Amino acid sequence: MKKLEIVIRPDKLEEVKEVLDKSGVTGMMVSTIMGCGHQRGIKEMYRGAELTINLLHKIKVEIIIRDAMVESITDKIQQTLRTGNVGDGKIFIYNVENAIRIRTGESGEKAI
Amino acid sequence: MKKLEIVIRPDKLEEVKEVLDKSGVTGMMVSTIMGCGHQRGIKEMYRGAELTINLLHKIKVEIIIRDAMVESITDKIQQTLRTGNVGDGKIFIYNVENAIRIRTGESGEKAI
Amino acid sequence: MKKLEIVIRPDKLEEVKEVLDKSGVTGMMVSTIMGCGHQRGIKEMYRGAELTINLLHKIKVEIIIRDAMVESITDKIQQTLRTGNVGDGKIFIYNVENAIRIRTGESGEKAI
Amino acid sequence: MKKSMFMIIMMSIFLLPTAVFAAEEVTTADIQANLDTIWVLIAAFLVFFMQAGFAMVEAGFTRAKNASNIIMKNLMDFSIGSIIFFVFGFGLMFGDSMAGFIGTSGFFNPNTLDLGLNIPMEVFIIFQTVFAATAATIVSGAMAERTRFAAYILYSAVLTLIIYPVVGHWTWGGGWLSQLGFIDFAGSTVVHSVGGWAALVGAAIIGPRIGKYGKDGKVHAIPGHNIVLGALGVFILWFGWFGFNPGSELTADSALGGIAMTTNLSAATGAVVVMIITWLKYGKPDVSMSLNGVLGGLVAITAGTAAVSMWGAIAIGAVAGFVIVYGIEFIDKVLKVDDPVGAVGVHGLCGAVGTILVGLFAVDGGLFYGGGVKLLGVQTIGVIAVAAWTLGTSFILFKTVKATVGLRVDRQDEELGLDHGEHATQAYADFVLKI
Amino acid sequence: MKKSMFMIIMMSIFLLPTAVFAAEEVTTADIQANLDTIWVLIAAFLVFFMQAGFAMVEAGFTRAKNASNIIMKNLMDFSIGSIIFFVFGFGLMFGDSMAGFIGTSGFFNPNTLDLGLNIPMEVFIIFQTVFAATAATIVSGAMAERTRFAAYILYSAVLTLIIYPVVGHWTWGGGWLSQLGFIDFAGSTVVHSVGGWAALVGAAIIGPRIGKYGKDGKVHAIPGHNIVLGALGVFILWFGWFGFNPGSELTADSALGGIAMTTNLSAATGAVVVMIITWLKYGKPDVSMSLNGVLGGLVAITAGTAAVSMWGAIAIGAVAGFVIVYGIEFIDKVLKVDDPVGAVGVHGLCGAVGTILVGLFAVDGGLFYGGGVKLLGVQTIGVIAVAAWTLGTSFILFKTVKATVGLRVDRQDEELGLDHGEHATQAYADFVLKI
Amino acid sequence: MKKSMFMIIMMSIFLLPTAVFAAEEVTTADIQANLDTIWVLIAAFLVFFMQAGFAMVEAGFTRAKNASNIIMKNLMDFSIGSIIFFVFGFGLMFGDSMAGFIGTSGFFNPNTLDLGLNIPMEVFIIFQTVFAATAATIVSGAMAERTRFAAYILYSAVLTLIIYPVVGHWTWGGGWLSQLGFIDFAGSTVVHSVGGWAALVGAAIIGPRIGKYGKDGKVHAIPGHNIVLGALGVFILWFGWFGFNPGSELTADSALGGIAMTTNLSAATGAVVVMIITWLKYGKPDVSMSLNGVLGGLVAITAGTAAVSMWGAIAIGAVAGFVIVYGIEFIDKVLKVDDPVGAVGVHGLCGAVGTILVGLFAVDGGLFYGGGVKLLGVQTIGVIAVAAWTLGTSFILFKTVKATVGLRVDRQDEELGLDHGEHATQAYADFVLKI
Ligand SMILES: Nc1ncnc2c1ncn2[C@@H]1O[C@H](COP(=O)(O)OP(=O)(O)O)[C@@H](O)[C@H]1O
Ligand SMILES: Nc1ncnc2c1ncn2[C@@H]1O[C@H](COP(=O)(O)OP(=O)(O)O)[C@@H](O)[C@H]1O
Ligand SMILES: Nc1ncnc2c1ncn2[C@@H]1O[C@H](COP(=O)(O)OP(=O)(O)O)[C@@H](O)[C@H]1O
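Chains as they are written, first to last, in this note's numbering: chain F, -10 to 101; chain C, -10 to 101; chain X, -10 to 101; chain A, 8 to 442; chain D, 8 to 442; chain W, 8 to 442.
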């Protein structure tokens, strides 16, 4: 099993969810993070003083999937999200040693 | 060392914390996520238009523990959380290569 | 590639960001978590009843870096954050199997 | 107006005696009546605005997942109450008295009643309406975070329809308590205690929120989600109380200043005393209790606001401060009745104590001013009678609701929040919440 | 004052006839005028406070990422409007009439106009100013979350400068509609419909927010970020409406109580009816729609508040409840005009319907009270004329703004939020937000 | 009342001369006094409500982790201030004058003083109480997020006890400044500058918040956590100012309309001018500064509200707009005094400038109206004298507090937030916060 950690723009969440749903991903964990990558901060003003917000709102979507699905899913996500602009996001891939479904006690690939 | 990523219902946090404390887990990281698994969304209404919230409030508890503790802990968590209903949650297990305690500079199992 | 998961005090974020920036880290993911380690909870009162907040506000900074950078970065972070008090924080290190830059489709170390 | 003035003046020159008569008729009583009209109306508007205060206090002192539900309850008890009180409640309170116990006329068209007032009936009705709605609102806070919405609608309607108007009739509608000489100027007992006792019964019958008391009997705090909003609510209530108390004079006269002063001094003292007690007792001054201290001081002074001196008001506020801290602890830790916003302590206890204290501090008739124990006795009788009536009727009411519609939401709805369970919505869609 | 009183009394003893004259002159008319002065001023302050209500409703019912922008728009339409209305708008509304269509005098110094009022001109001007600002504010909600700030400033200025004063002149400035016998006591049509129709045109021309309507035409809900604040706003508006309606009497007299009562009953009924409809229709009572129900009831009663009975007010509030639910759905799902806060339904539709209902429910002249269809006809003409004028002029206005300054922010600013794009700021710097 | 009216009328027919006398006695002066009573009371209530406005502005413009502390400070300065001002402050301000410098009578029972007013003493006392509390509140914002709670309690008590009453005595209590002809109608200097200067001294002595100024001297913005609440606070303050300024007339007369208008126009102009300046200067219109612009306009007009024309008010508001932007920048970037909510700029600078501008714009006596430089000189003397007194006494005060109780919380409490450190609580228990 692998974990895909997908960092996206906030307004792309709906689209990504749709793609994952269609690809048979059975679950996901979504969280709000502050991120920076090649896309650097934005400038804000507050009461006449400058404020560099160098961390931007990003959404992190984590999915645990079978090894076999990794390629097809990363492909589809890239198709959906690629605009060619900085800030398009990234995918990081990790190994998952085991998964357990608490409801049934199943473990391994059956559990995801 | 292993990381256990435990996804639970929000109202189970207290119980899980108690179990982990008793089992000698030395630290944890708790975060609020939005999740979906077999338990799918809920329907809401806003001003007459439907709104499918297909991401539910979940709590993610991450603990880094010694390899030897993995089994006993996953067992205890399952005992605590299993109701047999969808939404009971999951545990994902990852390998941790190293840990460093900043305060002392210790690393490895001593650091957790 | 490795992932460093750095758990810090909320008020240290600026300093850590600066250190990472200077060390050539190209991106980061910052999130708010509730944590406990050796530093245990604080007591609060609410309307005469005690309230043990045993989870403290912490910031989790995740960076994905080349293997070669791990040591120098963990060193610098420790230098920056070590006060010798409980609550200084921890660093956990994981293996990253792959990274993909969505904008270009690059993968591996080129992508981080 | 200018033209008619001119005519009157012209007439007054040529037809003097008549002119004086006519001019007086047009002006003197009418102008005072107009003055009273706008005064009582403005006071009514201020009391209306207390609804916003209650909504903010109750929402702020409870959890985010129930905030929409609290709002909806506050909105609906006032809305339904306004209609019901107009149609029936006012008649039961101010209609022709049946043995000093209940009013019996003026239903459907209360504005046709003749109460011999200096102000138009409609002015008096709206003033009474906003008071009636206050009593109902109080209960909502004590039973927050676990009550079925349908049950709430039902019992708050019955409260405004019967329980409150009967007490109101006894005291303000010419009933038996007023004949005894019972003093409850603006409603420490009539409004606040009624709400407070009903809240006590309701909160006891419905039981505590999940997680409030541990198996070992340990009391867990469940912190409110927005202390700033709660504080805003307290300030709004304080502001509204300047309509509640001075407005109850029902006329614009020179007594109003004293009423406003006693109201303010008691509220201020309540806050300061609670701050001091909690500072000594818990080591740090408690914000949310101090906010309750304001409300306790306000509730306590309401009965005697026109009868006590400035220093009497300070004393009453100080007593209220003690009642708040120890009363809320007693209810929470000894009675183990879970009252999320402290409504029983604020409105029930402080209302009762404040009413009795009039027997001590009334400049005219109070024990401390040489008036003997007579007034003290009457005040105590009034407090007990109202408590008995309210505890009794609301016990029947809540038991009936429980047995029929059901009083409490199911476990899952309580855990996910009433916003979701009862209204399929959420109050803070864009914020990441801990629960 | 005491001293001069004493002198007058002394004089009145020695120089009787003159004294009566003098005493009358000092006292009677003056005191009523002073009374009217403070009454109208207090009403104006309450109406002013509605700006806070609008700001909270509009901010609460939209997303967190646009909250500062909404606040800024509300602040600026009132501020700019106050100045513009003083300099030009008041003269266009109340200056010497040009053929019953528009006023033509009193610019720059409107306080020099003589309207033969019982109250000082400044009092009347501030009362009219806060009304004018209300009309402008309404539009801001319907076009929220996507409008360029510069464009907003521009069109809200034009609204306060021309579109509203012309309608005001027709009805309240002695223009042709008032001559027909059109009844719009406090502005269901003059204020609210004008705002509502302009909002409709604006929201239609600017188009829906990104994501509001799916490709398949599916309607997506975009929940507001703070229902508690939205509710606070509604309570503030309700409170302010007690200045809006009773204040429009412009004098302190015995009619005020009835006006306050009809206002309150209609609002309450609006809320209750919406709760019932949504409960039946969607399975659960809808909080945000019920809050709109209050506003619908308030807007609808505004025209006839002094002309209908209590039960008439309840009826009008009930109709408003239906208009709110079905009107907002119609606009959202059939017209597919994206109006985030329901401004068109609340102000446009309820304003129009409420004005027409005066033709049925007016105790004096209404169809249901045997007054025939004449008034009904006049009311309908008024509603249509104002709608035609406002739709027409605001169509031109918005098209012009679109073609020049540009009406809409670009896609990225809309997605990141107007707070960032238009003001380089954020409303909730310390909170973790979902978007 | 009705019955006694009838008797009077009857009497007036038979006993004419006496009757006129009697009737006058009952009615004329009394009614005007009653009218004045409710007017001043209502104004006092509005000014009281400004406490809520200050609380929301100060909480909204600072960080979430300190919000409960801010609330508690606002609650306590008003509560303690109410008591202290009643017991001592009022006597120091309005008691028998000692050489025009300080009052010396009326302690403990200020309502026994005879000031020869048309309204009951209690009415005047509550009006003055809410003013006194305003001065104290101002300081809290400037020293927010780092001050020890105990220290705050102490110095705000001393402010209400001595520093403010002395200035008040000079100007409103018959002291030397009023004898010079100094015009400060509602307190630009007496209330706001006193607060502002004390705030300056306090903020300078306590030092900036951690992280406000970089080692390199760079100024870092620390954004407020809730701009919507901050804006609500500004609207509440604006609303309350309609009690602050018109209420200071202390009687219901025909001057009130003009006062309300100048107040509103100056506030509106302040906001618009700040918007324009920030738009030009920073590229985008700044929301939080524009909100300060309103307050600047309000503070500046307060001295001359009854003395200047409408256009004078617009001019004063415009000047205030400039003072806000450049004044706040000066304090922040040049003086490097960290004032989180801009209290020094708003209350200190705008208060001083507004008072001096009366010397230019007063229709009666102002330089621009041909009145010469006399008034301008007097105004300047007043401003300087008050500044000197306040800067001096508050310097001693803060240094003493620093040396005894300690002024500042320790580093860890500041970083974790004062809610935790000073009150062991949190304002937003259910929200995930960034810090
Ligand atoms: N090396 C990294 N380590 C951790 N997070 C990263 C890294 N690189 C990128 N990210 C995360 O991914 C987000 C998107 O990166 P982005 O700026 O779109 O990269 P690019 O423009 O190179 O495609 C960043 O905001 C950050 O949160
Ligand atoms: N494959 C997965 N990848 C990522 N997260 C998952 C996955 N499966 C489940 N989760 C997370 O675990 C949570 C609980 O899953 P749940 O619905 O209880 O599963 P089940 O009903 O199968 O036991 C989900 O809300 C989701 O956040
Ligand atoms: N074993 C662990 N598993 C998960 N998180 C941990 C663990 N140990 C520490 N942490 C996280 O790191 C944070 C900082 O730990 P800290 O109390 O500073 O440790 P120490 O005092 O031993 O250096 C904790 O609040 C917690 O979130």
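C-beta atoms are modelled at their ideal positions from N, C-alpha and C, and glycine is treated no differently. Everything numeric in this text was worked out from a predicted model, so none of it was measured.
Rounded Cβ spacing between residue i and residue j (contact assumed at less than 8 angstroms)
i      : j      : result
W/G231 : D/A59  : That pair is no contact at about 18 angstroms.
D/G328 : D/G277 : 5 angstroms
Residues near residue i in its chain [Cβ-Cβ closer than 8 angstroms; skip 5 each side]
i      : result
A/V445 : For chain A, the structure presents residues 8 to 442; residue 445 of chain A sits outside this window and is missing.
A/H427 : K72, D420 and Q433
W/L187 : V385, I388 and G389
Outcome for residue i when other beta-carbon atoms lying within 10 angstroms are tallied against a minimum of 16
i      : result
F/M34  : buried
C/E60  : exposed
W/S19  : Residue placement at W/S19 cannot be trusted, given a pLDDT of 38 that sits under 50; what the coordinates show is reported in the next sentence. It counts as buried.
C/H27  : exposed
D/V380 : exposed
C/Q68  : exposed
Residue i: CB within 6 angstroms of a non-hydrogen atom of ligand 1
i      : result
X/R92  : yes
A/G203 : no
D/V439 : no
X/I52  : yes
beta-carbon residue i near ligand 3 non-hydrogen atom, thresh 6 angstroms
i      : result
W/H427 : no
X/H46  : no
C/I101 : yes
Own chain, CB closer than 7 angstroms to residue i, minus 5 neighbours either side, in chain order
i      : result
W/G182 : S104, G107, F108 and H176
F/N87  : S96 and G97
Same chain only: Cβ atoms within 6 angstroms of residue i, ignoring 5 sequence neighbours per side
i      : result
D/E429 : N76 and F156
W/M296 : V281 and T285
beta-carbon residue i near ligand 2 non-hydrogen atom, thresh 6 angstroms
i       : result
C/C25   : yes
C/D0    : no
F/G13   : no
C/V5    : no
C/D77   : yes
C/V(-4) : yes
C/M18   : no
Do the region 342 to 359 of chain A and the region 138 to 154 of chain A touch if we need at least three Cβ pairs shorter than 8 angstroms?
They touch, by the three-pair rule.
Practice task
Pair every Cβ in the region 124 to 138 of chain W with every Cβ in the region 44 to 55 of chain W, then say whether three or more of these pairs are closer than 8 angstroms.
Solution key: Touching, yes, given that three or more Cβ pairs across the two stretches are closer than 8 angstroms.
The region 36 to 49 of chain F contacting the region -8 to 3 of chain F, beta-carbon criterion three pairs below 8 angstroms
Of all C-beta pairs linking the region 36 to 49 of chain F to the region -8 to 3 of chain F, three or more are shorter than 8 angstroms, placing the two stretches in contact.
For the region 400 to 416 of chain W against the region 191 to 209 of chain W, are there 3 or more C-beta pairs whose distance is under 8 angstroms?
As far as the Cβ criterion goes, the region 400 to 416 of chain W touches the region 191 to 209 of chain W, which means the pair count is three or higher.
With a cut-off of 8 angstroms, do at least 3 Cβ pairs link the region 153 to 167 of chain W to the region 313 to 322 of chain W? No, the region 153 to 167 of chain W is not in contact with the region 313 to 322 of chain W.
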